Amino acid sequence: MLEQPSLIMEDQPKESKEQLFGASLPADLRTLIEEAKEMKWPFVPERWQYKQAIDLEDKTNLQDMINARLHELLVCLKISIANRDYLTATAIAFLVDRFLYWVDGSSQLLQIVKRLHQLQPMVPIAPQLVIRQARISVNSGKLLKAEYILSSLIIDNGATGVWKYCKESDRILVQSVCIQIRGQILQKLGMWYEAAELIWASILGYFTLPQPDKKGIATSLGILADIFISMSDDDYIRFKNNSQLGLNLLKEFDHRLLSAAEACKLAAALSQFTSLFVLTAVNIRGICLLTYSCSSACPPEKRAFYLSQAKESFEIGLLSKKDKEPVTSKQELHSFIKAAFSLAKVHQGLYGESKSLNQVSLDEETESETSDDQSRAGFFKPNLLHKTHYALLLKYSKISGLWTAQETAAYIGDNLSVAKKGKQRNAFWIHFLHQEETLGRYVGKEYKEEKEIMYHFNDVERQMTAQYYVTEFNKRLYEQNIPTQIFYIPSVVLLILEGNSIQGCVTVEPYILGEFVKLSNNTNVVKMEYKATEYGLAYGHFCYEFSQGTDVVVDLQGWVTDNGKGLIYLTDPQIHSTFNRETKVILANCKIWTSQPQIAAYIKVVIMHLSHPFTPPHLPFRIQSNR
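Going by my numbering, the sequence shown opens with residue 14, and the numbers climb by one from there.
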């Protein structure tokens with residue numbers, strides 16, 4: 014059916030083409046297309062987005078308008094391309110972009126936009142489309158590509174090709190959105206405090222616009238609330254008391270979960286005319302209240318109150334769709350299932366404990382100890398693939414030294430196809446209800462040979478300890494204006510459950526797309542062909558100094574930028590520690606640099622990018638693996 018218009022158009026005069034093009038679309042959509050061609054706005058606005066007083070007609074969402082006329086718009090897109098009217102074609106792509114993102118169709122649209130740009134480089138590409146590529150890159154694990162796009166827009170003051178801004182405030186809007194997504198990337202990497210700072214900066218950016226962007230503010234408030242759920246209490250207090258941020262909104266709440274719930278309540282109110290935004294916000298609010306009600310911080314007499322508030326939130330979310338109205342995207346489906354699952358947990362809290370898992374409460378602080386029977390029951394079974402399972406999500410905090418547990422559901426998919434398989438573990442796709450990024454891709458890892466459950470817990474403890482050290486290391490790089498940043502991918506444990514028994518145990522982390530490289534091993538192998546290795550060695554020595562001689566992070570492996578100087582994403586570290594009896598003697602006898610000036614001088618040499626070839630000093634010791 015899409016072929017016929019292009020055949021008809023070829024033999025018609027220009028006037029007839031334009032009439033045929035405009036006749037099939039209502040006036041409001043034709044106006045939007047013309048405004049898009051004139052570069053009136055960097056993002057297609059909702060009618061309610063910048064208004065304080067909302068009329069009845071303002072409550073109509075762009076999604077509803079596009080959905081009603083999607084076929085005609087796609088036909089017009091094809092006609093425009095056939096007529097080589099690339100300006101109109103790009104404008105239509107701009108208009109339908111957000112709707113197609115909601116229904117998981119962005120990848121194909123962005124391929125069309127890329128081809129249009131190749132055919133006519135002078136056609137302006139809207140910042141919304143450029144940023145959409147960054148969002149898709151984040152969701153698919155291409156963090157390096159996303160960071161490049163966002164950094165370019167921020168540094169270049171929102172400039173993108175030949176696009177011209179009608180108002181200077183539009184540049185602030187674009188930069189605020191970029192900062193928001195960068196905050197989401199840091200959230201994905203488990204850098205909660207730094208992510209919260211960026212998300213708050215985006216909120217301030219939205220507020221500084223001539224007409225505050227309610228949609229942007231609501232989105233950032235929801236993200237901030239999600240960050241508070243994972244943030245440590247100490248980081249939350251530090252964040253709340255940061256006088257430079259001006260956090261009046263959160264001052265009245267002592268607990269991070271209550272602040273998060275209030276932020277989501279405001280987010281839902283600001284975005285009340287878009288059902289998916291409301292569903293997302295009330296889901297996060299409900300989870301915050303549910304988690305708080307089960308924590309030791311909640312007064313016993315208030316537990317029923319907060320559970321009732323959580324129940325109300327999940328019910329509002331489930332009612333955000335009309336009867337028999339279809340669910341149109343993965344994100345929406347995920348959110349509805351999450352609301353239903355969480356509502357069931359609330360009912361257990363209000364009306365009776367779970368019979369199958371009455372020994373575990375939501376967000377319960379647990380010690381890293383298991384019985385002998387449990388420790389042997391954690392071997393992953395191949396028949397768990399391609400099924401949905403009840404599970405327990407366990408996270409470790411290096412700062413508190415505690416594990417927290419949360420009930421969830423997980424789907425285990427196909428084995429991951431990789432060029433070079435790991436020697437010790439297999440990898441597979443996994444999706445779970447309480448993952449940080451709803452649309453993000455996650456990978457589960459399990460040992461090829463049977464291991465006790467504690468191996469998985471030790472893996473996560475090491476990775477989160479390395480992440481704690483790398484956060485401190487990045488602060489030093491930032492203070493010296495060094496563009497390189499090293500990240501350790503956050504890792505969690507999933508216990509696959511059936512009744513009271515553990516059917517499997519896996520570690521889970523975000524998927525990163527790119528070439529996997531090994532910079533060093535856990536003894537004396539160092540690959541200096543990668544520039545990133547210099548930073549990695551500096552990081553390892555920094556860990557030794559920062560931990561006061563107790564820890565050295567080794568076995569550096571992960572993903573690096575092409576030039577090795579920008580972003581470095583690492584995973585699966587080994588840590589030689591004096592707290593481990595096998596390595597205590599070795600570390601005690603080694604003569605690694607132990608003074609602050611020495612380690613600072615080493616890092617300074619590395620980060621100053623010397624013009625002459627640089628070879629790090631040979632380490633005066635050899636450490637055998639402690640695993």
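Positions of the beta carbon are idealized from the N, C-alpha and C atoms, including for glycine. All figures in this text were calculated on a predicted structure; none of them were measured in a lab.
Contact check, S38 vs R82 under 8 Å by CB: the rounded distance?
The residue you call residue 38 lines up with position 25 of the sequence shown. The residue you call residue 82 lines up with position 69 of the sequence shown. The amino acid at residue 38 is misidentified as Ser; the sequence shows Leu. Right, their Cβ atoms sit about 6 Å apart.
Does the beta-carbon distance from S284 to K227 come in below 8 Å?
Sequence index remark: in the sequence shown, residue 284 carries index 271 (1-based). Sequence index remark: in the sequence shown, residue 227 carries index 214 (1-based). Going by C-beta atoms, S284 is nearer than 8 Å to K227.
Decide if H399 is buried, meaning its Cβ has at least 16 other Cβ atoms within 10 Å, or exposed.
Here residue 399 refers to the residue found at position 386 of the sequence shown. With fewer than 16 Cβ atoms within 10 Å of its Cβ, H399 is classed as exposed.
Helix, strand or coil at R438 according to DSSP, with G and I counted as helix
Against the sequence shown, residue 438 aligns to sequence position 425. Three-state DSSP puts R438 in a strand.
Between the alpha carbons of L279 and T287, how many angstroms are there, rounded?
By one-based count along the sequence shown, residue 279 stands at place 266. By one-based count along the sequence shown, residue 287 stands at place 274. Answer to the nearest angstrom: the Cα atoms are 14 Å apart.
Please tell me whether S504 has its Cβ less than 8 Å away from any Cβ of chain D.
Included in the structure is just one protein chain, with no chain D present.
For a test of the three-state rule: what should DSSP assign to F286, helix, strand or coil?
Taking the first residue of the sequence shown as 1, we reach residue 286 at position 273. DSSP places F286 in coil when its eight states are reduced to three.
Are Y501 and K411 touching if we call contact CB-CB under 8 Å?
Along the sequence shown, one-based indexing puts residue 501 at 488. Along the sequence shown, one-based indexing puts residue 411 at 398. No, these two residues do not count as a Cβ contact at 8 Å.
Reduced DSSP secondary structure (H/G/I, E/B, other) of I641
Residue numbering for the chain in the displayed model covers 14 to 640; residue 641 lies beyond these limits and cannot be assessed.
In chain order, what residues of the same chain lie with their CB nearer than 7 Å to the CB of Y543, ignoring the 5 residues before and after it?
In the sequence shown, counting from the first residue as 1, residue 543 sits at position 530. Cβ neighbours of Y543 beyond the five flanking positions: V530, L532, V573 and G577.
If you follow the beta strand (DSSP E) that V566 is in, where does it begin and where does it stop?
Locating residue 566 in the sequence shown gives position 553, where the first residue counts as 1. D564 to V567 is the extent of the beta strand (DSSP E) around V566.
Would you tell me roughly how many angstroms separate the C-alpha atoms of Y219 and Y455, rounded to the nearest one?
Looking up residue 219 in the sequence shown gives position 206. Looking up residue 455 in the sequence shown gives position 442. Rounded to whole angstroms, Y219 to Y455 spans 31 Å at the Cα level.
In three-state DSSP terms, what is G299?
In the sequence shown, the residue the question calls residue 299 occupies position 286. It is helical.
Looking only at C-alpha atoms, which of A102, I144 and Q224 sits nearest to V187?
For this step, residue 187 is matched to residue 174 along the sequence shown. Answer by Cα proximity: I144.
Measuring CA to CA, which of G154, V567 and I236 is closest to Q193?
Here the question's residue 193 lines up with position 180 in the sequence shown. Among G154, V567 and I236, the Cα nearest to that of Q193 is on I236.
Sub-8 Å separation of Y409 and M477 beta-carbons
In the sequence shown, counting from the first residue as 1, residue 409 sits at position 396. In the sequence shown, counting from the first residue as 1, residue 477 sits at position 464. Taking 8 Å as the Cβ cut-off, Y409 and M477 qualify as a contacting pair.
Can at least three beta-carbon pairs, one atom from the stretch 350-358 and one from the stretch 308-319, be found at a separation below 8 Å?
no
In its own chain, which residues sit with a C-beta less than 7 Å from the C-beta of A102, not counting the 5 before and 5 after it?
For the purposes of this step, residue 102 is taken as residue 89 along the sequence shown, with counting starting at 1. Same-chain partners within the cutoff: L90, S93, I94 and L129.
At which residue ranges does the stretch 435-498 contain complete beta strand (DSSP E) runs of 3 or more residues, listed in the order of the chain?
438-445 and 455-460
Just to confirm, are P140 and V175 a CB contact at a threshold of 8 Å?
As a first step, residue 140 must be located in the sequence shown, where it is residue number 127. As a first step, residue 175 must be located in the sequence shown, where it is residue number 162. Result no, Cβ atoms of P140 and V175 do not sit closer than 8 Å.
For the beta strand (DSSP E) that Y424 lies in, which residues bound it at each end?
As a position in the sequence shown, residue 424 is number 411, starting the count at 1. Residues W416 to N428.
Just reading off the alpha helix (DSSP H) that W213 is part of, what are its end residues?
Residue numbering aside, residue 213 sits at position 200 when the sequence shown is read from its first letter. That run of the alpha helix (DSSP H) goes W205 to F220.
If we call anything under 8 Å between Cβ atoms a contact, is E459 one with N439?
In the sequence shown, the residue the question calls residue 459 occupies position 446. In the sequence shown, the residue the question calls residue 439 occupies position 426. Cβ distance < 8 Å, so E459 and N439 count as in contact.
Restricting to Cα atoms, I'd like to know which of N80, E511 and D169 is closest to F112.
Numbered from 1 along the sequence shown, position 99 holds the residue referred to as residue 112. The shortest Cα separation from F112 among N80, E511 and D169 belongs to N80.
Between the beta-carbon of V340 and the beta-carbon of L331, is there less than 8 Å?
For the purposes of this step, residue 340 is identified with residue 327 of the sequence shown, where counting begins at 1. For the purposes of this step, residue 331 is identified with residue 318 of the sequence shown, where counting begins at 1. Taking 8 Å as the Cβ cut-off, V340 and L331 do not qualify as a contacting pair.
Locate the beta strand (DSSP E) running through L405, then write down its first and last residues.
Taking the first residue of the sequence shown as position 1, residue 405 is located at position 392. From DSSP, the beta strand (DSSP E) with L405 extends over K400 to Y409.
Can you tell me whether DSSP reads V641 as helix, strand or coil?
The chain is shown only over 14 to 640; residue 641 falls outside these bounds and no answer can be derived.
In whole angstroms, give me the CA-to-CA distance for L132 and S119.
In the sequence shown, the residue the question calls residue 132 occupies position 119. In the sequence shown, the residue the question calls residue 119 occupies position 106. For L132 and S119, the distance between alpha carbons rounds to 20 Å.
Assign F470 to one of two classes, buried (16 or more other C-beta atoms within 10 Å of its C-beta) or exposed (fewer than that).
As a working mapping, residue 470 is identified with position 457 in the sequence shown. Result: buried.
Go to P523, then tell me how far its beta strand (DSSP E) extends in each direction, as first and last residue.
If you number the sequence shown from 1, residue 523 lands on position 510. First-last of the beta strand (DSSP E) with P523: S514 to P523.
If I'm right that L526 touches G154 with Cβ under 8 Å, what's the distance once you round it to whole angstroms?
Mapped onto the sequence shown, residue 526 falls at position 513. Mapped onto the sequence shown, residue 154 falls at position 141. Going by Cβ atoms, the distance from L526 to G154 rounds to 4 Å, so yes, they are a contact pair.
Where C179 falls, given that 16 or more other Cβ within 10 Å makes a residue buried
Here residue 179 refers to the residue found at position 166 when the sequence shown is read from its first residue. Exposed, since its Cβ has fewer than 16 Cβ neighbours within 10 Å.
Does D568 pass the burial test, meaning 16 or more other C-beta atoms within 10 Å, or should it be called exposed?
The residue you call residue 568 lines up with position 555 of the sequence shown. D568 is buried by the Cβ-count criterion.
Using the three-state DSSP reduction, which class does W115 fall into: helix, strand or coil?
Mapped onto the sequence shown, residue 115 falls at position 102. The answer is helix: DSSP assigns W115 an H, G or I state.
Return the CA-CA distance between L87 and I105, expressed in angstroms with no decimal places.
For the purposes of this step, residue 87 is identified with residue 74 of the sequence shown, where counting begins at 1. For the purposes of this step, residue 105 is identified with residue 92 of the sequence shown, where counting begins at 1. Approximately 8 Å between the Cα atoms of the pair.
Option nearest T563 by Cα separation, candidates G457, S164, L583 and T591:
As a working note, residue 563 is residue 550 in the sequence shown. Minimum Cα distance to T563 is reached at T591.
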